[in-house]
Amino acid sequence: MSQPDSRPLSPHLQVYRLPLTALLSILHRFTGVVLALGMAPLTGVLVAAAADAALYEQLRALLSAWWGQALLALWTGALYFHLCTGIRHLFWDAGLGFDVAVAFRTSLWTVAAALALTALTWLAALWVRGMLA
Amino acid sequence: MSLRTPLSQARGLGAAKEGAGHWWAQRLTSAFLVPLVLWGAFSVAMLGDLSHAGLVAWVQKPLVSAPLIALLLVVFWHLELGLRVIVEDYVHLAWLKVAVIVLVDFAVLLLAVAAVAAVAGIAFR
Chain A
640 MSQPDSRPLS PHLQVYRLPL TALLSILHRF TGVVLALGMA PLTGVLVAAA
690 ADAALYEQLR ALLSAWWGQA LLALWTGALY FHLCTGIRHL FWDAGLGFDV
740 AVAFRTSLWT VAAALALTAL TWLAALWVRG MLA
Chain D
-12 MSLRTPLSQA RGLGAAKEGA GHWWAQRLTS AFLVPLVLWG AFSVAMLGDL
38 SHAGLVAWVQ KPLVSAPLIA LLLVVFWHLE LGLRVIVEDY VHLAWLKVAV
88 IVLVDFAVLL LAVAAVAAVA GIAFR
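Top line first, the protein sequences correspond to chains A and D.
For the record, in the first sequence the residue sitting at position 41 is 680 according to the numbering used here, with numbers rising by one throughout.
For the record, in the second sequence the residue sitting at position 122 is 109 according to the numbering used here, with numbers rising by one throughout.
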């Protein structure tokens, strides 16, 4: 080039801190993939329930183990995160909430709502089973 | 001389007047999924008896099996739309992109049919 290029480099992946909105954007896609993959074992449980009661009980025992419950908890967390950021996408599609400050604030709201819905679902499950003191 | 008409050179390069179809279907399915997912997640969470007999009794209620099948159909439709976009975004080799989409669609179709058949099988057993 004829003159030295003093313009800043575009976002450099190793030193660039993703803005919250960008982090939520890639997490929306990531959780979408996680949820899609999770539909395979979930379908397996449904098919077992329809075809083989003994197999269903075996799968239920696996999901009742601590790591099965942990996986389920992470999956429900991903579900509610994707649901909440998805609802925000619908508002964006309607042309609402594009202001940078508003987008930052709704980012916090969606994360808070996702955490609250996840907690509420699991508290409801524990309450129904009489596991809440 | 080739039997291919010049049309083949233009295919896939311009507007096919259906570009909004995928976009719209993704929005439509996501809007449907908001109530369906909330219903499904909280129903299963609050189902005290998840034994085989308990689950079967729950799925056999008409007001459960019908929305459950709706939820599954829309879920698989929605996730196919999403996975397709991801493949299109990250797989650039033309033949590989098509191959991956075909494999993904086949897997999704298989799972969707299995899941809906399972619910129907439980409902009508």
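Where is the CB? At the ideal position from N, CA and C, for every residue including glycine.
Query raised in the report: Do Ala102/D and Leu59/D have their CB atoms nearer than 7 Å?
Result: For the purposes of this step, residue 102/D is taken as residue 115 along the second sequence, with counting starting at 1. For the purposes of this step, residue 59/D is taken as residue 72 along the second sequence, with counting starting at 1. Yes; because the gap between Cβ atoms is below 7 Å, this pair is in contact.
Report task. Could you tell me whether any Cβ in chain D is nearer than 7 Å to the Cβ of Thr757/A? Result -> As a working note, residue 757/A is residue 118 in the first sequence. Not one chain D Cβ lies under 7 Å of Thr757/A.
Query raised in the report: What's the gap between the Cα of Leu25/D and the Cα of Leu710/A?
Result: Along the second sequence, read from residue 1 onward, the residue named residue 25/D stands at position 38. Along the first sequence, read from residue 1 onward, the residue named residue 710/A stands at position 71. Distance between the alpha carbons of Leu25/D and Leu710/A is about 19 Å.
Query raised in the report: Just checking, does the stretch 707 to 721 of chain A make contact with the stretch 94 to 101 of chain D on the three C-beta pairs under 8 Å criterion?
Result: Under the 8 Å Cβ criterion, the stretch 707 to 721 of chain A does not count as touching the stretch 94 to 101 of chain D, having fewer than three qualifying pairs.
Query raised in the report: Do the stretch 726 to 740 of chain A and the stretch 74 to 82 of chain D touch if we need at least three Cβ pairs shorter than 8 Å?
Result: no
Query raised in the report: Do you know how far the Cα of Leu702/A is from the Cα of Gln708/A?
Result: As a working mapping, residue 708/A is identified with position 69 in the first sequence. As a working mapping, residue 702/A is identified with position 63 in the first sequence. Each residue's Cα considered, the two are about 6 Å apart.
Query - Minimum length 4: unbroken alpha helix (DSSP H) runs contained in the stretch 22 to 75 of chain D - result: List check, alpha helix (DSSP H) in window: 39 to 46.
Query - Per-residue contacts from Asp732/A into chain D (C-beta, under 8 Å) - result: Numbered from its first residue, the first sequence carries residue 732/A at position 93. Arg14, listed in chain order.
Requested in this report: Mind listing, in chain order, the continuous alpha helix (DSSP H) runs of no fewer than 4 residues lying wholly within the stretch 682 to 746 of chain A?
Outcome: Counting only runs of 4 or more, we get 692 to 703 and 705 to 732.
Query raised in the report: In chain C, which residues lie with their C-beta within 7 Å of the C-beta of Ala752/A?
Result: Of the protein chains in the structure, A and D, none is chain C.
Query raised in the report: Relative to the alpha-carbon of Val31/D, which residue among Ser52/D, Gln13/D, Trp11/D and Leu96/D has its alpha-carbon at the smallest distance?
Result: Along the second sequence, one-based indexing puts residue 31/D at 44. The shortest Cα separation from Val31/D among Ser52/D, Gln13/D, Trp11/D and Leu96/D belongs to Ser52/D.
Query raised in the report: Do Ala110/D and Gln47/D have their C-beta atoms closer together than 7 Å?
Result: The residue given as residue 110/D occupies position 123 in the second sequence. The residue given as residue 47/D occupies position 60 in the second sequence. With contacts defined by Cβ atoms closer than 7 Å, Ala110/D and Gln47/D form a contacting pair.
Report task. Could you give the DSSP three-state label for Arg668/A: helix, strand or coil? Result -> As a position in the first sequence, residue 668/A is number 29, starting the count at 1. Looking at Arg668/A - three-state DSSP - the assignment turns out to be helix.
Report task. Would you kindly work out how many angstroms separate the C-alpha atoms of Ala763/A and Tyr719/A, rounded to a whole number? Result -> In the first sequence, residue 763/A corresponds to position 124, counting from 1. In the first sequence, residue 719/A corresponds to position 80, counting from 1. C-alpha separation (whole angstroms): 15 Å.
Query raised in the report: By how many angstroms is the C-alpha of Arg14/D removed from the C-alpha of Ile726/A?
Result: If you number the first sequence from 1, residue 726/A lands on position 87. If you number the second sequence from 1, residue 14/D lands on position 27. Taking the straight line joining both Cα atoms gives about 10 Å.
Query raised in the report: Who are the neighbours of Ile726/A on chain D, taking C-beta pairs under 7 Å?
Result: By 1-based counting over the first sequence, the position of residue 726/A is 87. Neighbours of Ile726/A on chain D, chain order: Val21.
Requested in this report: For Met640/A, decide whether its Cβ has a neighbour in chain D, counting only Cβ atoms nearer than 7 Å.
Outcome: For the purposes of this step, residue 640/A is taken as the residue at position 1 of the first sequence. Model confidence at Met640/A stands at a pLDDT of 49, short of 50, so the residue's coordinates are unreliable and nothing is read from them.
Query raised in the report: Hey, does Ala57/D have any beta-carbon neighbour from chain A nearer than 7 Å?
Result: The residue you call residue 57/D lines up with position 70 of the second sequence. Contacts with chain A at 7 Å (Cβ-Cβ) do not include Ala57/D.
Query raised in the report: Under a Cβ-count criterion, where at least 16 other Cβ atoms within 10 Å of its own Cβ denotes burial, should Trp706/A be classed as buried or exposed?
Result: Indexing the first sequence from 1 puts residue 706/A at position 67. Burial call: exposed.
Query raised in the report: Can you name the residues of chain A whose CB is closer than 7 Å to the CB of Ala(-3)/D?
Result: Working through the second sequence from its first residue, we reach residue -3/D at position 10. Under the 7 Å cutoff, chain A gives no residues; its nearest Cβ is about 31 Å from Ala(-3)/D.
Query raised in the report: Using 7 Å as the limit for Cβ to Cβ distance, is Leu42/D near chain A?
Result: Numbered from 1 along the second sequence, position 55 holds the residue referred to as residue 42/D. Taking Cβ atoms only, chain A reaches closer than 7 Å to Leu42/D, which makes this a yes.
Report task. State the Cα-Cα distance for the pair Thr113/D and His667/A, rounded to the nearest angstrom. Result -> Beyond the ends of chain D as shown, which are -12 and 112, falls residue 113/D; an answer cannot be given.
Query raised in the report: Just checking my contact of Leu20/D with His65/D at CB under 8 Å: how many whole Å lie between their CB atoms?
Result: Sequence index remark: in the second sequence, residue 20/D carries index 33 (1-based). Sequence index remark: in the second sequence, residue 65/D carries index 78 (1-based). 6 Å between Cβ atoms; contact.
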